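Q: Read the sequence shown against the numbering used here and you will find it ends at 126, with the numbers running on by one and no gaps. Encoded as structure tokens, here's the structure I'll be asking about.
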Amino acid sequence: MIKLARMNAVNLKVRDLQQSLAWYHEHFGFELQYEVEGGFVVAVNDIELVLSPHDDPDAPLADPREVRCIHTLAFEIPESEFPKLKSEFASDLGLVEFDHPHFASIITQDPDGYCVELFYNK
């Protein structure tokens, strides 16, 4: 068995590189690190994402309200940040909130329909 140290560089296929870069920067502080094969590597706090052009920008994604886990990125945040989420994503009509015995989370969507879950462990 190989011991994993951390997750690195999840690749997201996006319709508009600049729009996605701006969204992840505005909400989470991701910064452009470098370009790769038509896409961007962005990072914040030792978390990396690769934003690359979608093969078919008109292809529909699964409806995240019905199949949430298929297109979900989950980021743990400090409990003190949790109250800020509703105002940060106030314009998101599809905001979903969970209050589970073990965690609390809010799920929003990025410009390409990927669910972004922000949670803290209780």
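No residue lacks a Cβ here, since even glycine has one placed at the ideal position from N, Cα and C. All figures in this text were calculated on a predicted structure; none of them were measured in a lab.
Would you kindly work out how many angstroms separate the C-alpha atoms of V120 and A13, rounded to a whole number?
A: In the sequence shown, the residue the question calls residue 120 occupies position 116. In the sequence shown, the residue the question calls residue 13 occupies position 9. Spanning the two alpha carbons is a distance of roughly 15 Å.
Q: Give me, in chain order, the residues of the same chain whose beta-carbon lies closer than 8 Å to that of Q113; leave out the 5 immediate sequence neighbours on both sides.
A: Here residue 113 refers to the residue found at position 109 of the sequence shown. For Q113, where only same-chain residues beyond five positions count, the Cβ hits under 8 Å are P68, D96, G98, C119 and V120.
Q: Of all the options P105, E83, I111 and V40, which has the alpha carbon lying nearest to the alpha carbon of S56?
A: Indexing the sequence shown from 1 puts residue 56 at position 52. The closest CA to that of S56, considering only P105, E83, I111 and V40, is found on V40.
Q: Does the Cβ-Cβ distance between F102 and Y124 come in under 8 Å?
A: Within the sequence shown, residue 102 is the residue found at index 98, counting from 1. Within the sequence shown, residue 124 is the residue found at index 120, counting from 1. Result no, Cβ atoms of F102 and Y124 do not sit closer than 8 Å.
Q: May I ask which residues mark the beginning and end of the beta strand (DSSP E) holding S56?
A: Stepping through the sequence shown from its first residue, residue 56 is reached at position 52. Its beta strand (DSSP E) spans residues I51 to P57.
Q: One question on the structure: do G33 and V54 come within less than 8 Å of each other, judged by their Cβ atoms?
A: As a working mapping, residue 33 is identified with position 29 in the sequence shown. As a working mapping, residue 54 is identified with position 50 in the sequence shown. No. Outside cutoff.
Q: When DSSP labels each residue in this structure, what does K126 get in the three-state scheme?
A: Here residue 126 refers to the residue found at position 122 when the sequence shown is read from its first residue. DSSP places K126 in coil when its eight states are reduced to three.
Q: What is the residue span of the alpha helix (DSSP H) that A13 lies within?
A: Within the sequence shown, numbered from 1, the residue matching residue 13 stands at position 9. No alpha helix (DSSP H) holds A13; DSSP gives it neither H nor E.
Q: With 16 other CB atoms within 10 Å as the buried threshold, where does F79 fall?
A: Within the sequence shown, numbered from 1, the residue matching residue 79 stands at position 75. So F79 ends up on the exposed side.
Q: Roughly how far, in whole angstroms, is the beta-carbon of Q37 from the beta-carbon of P115, given that I think they are within contact range, below 8 Å?
A: For the purposes of this step, residue 37 is taken as residue 33 along the sequence shown, with counting starting at 1. For the purposes of this step, residue 115 is taken as residue 111 along the sequence shown, with counting starting at 1. Going by Cβ atoms, the distance from Q37 to P115 rounds to 20 Å, so no, they are not a contact pair.
Q: So, with DSSP's three-state summary, where would you put L36?
A: As a working mapping, residue 36 is identified with position 32 in the sequence shown. Looking at L36 - three-state DSSP - the assignment turns out to be strand.
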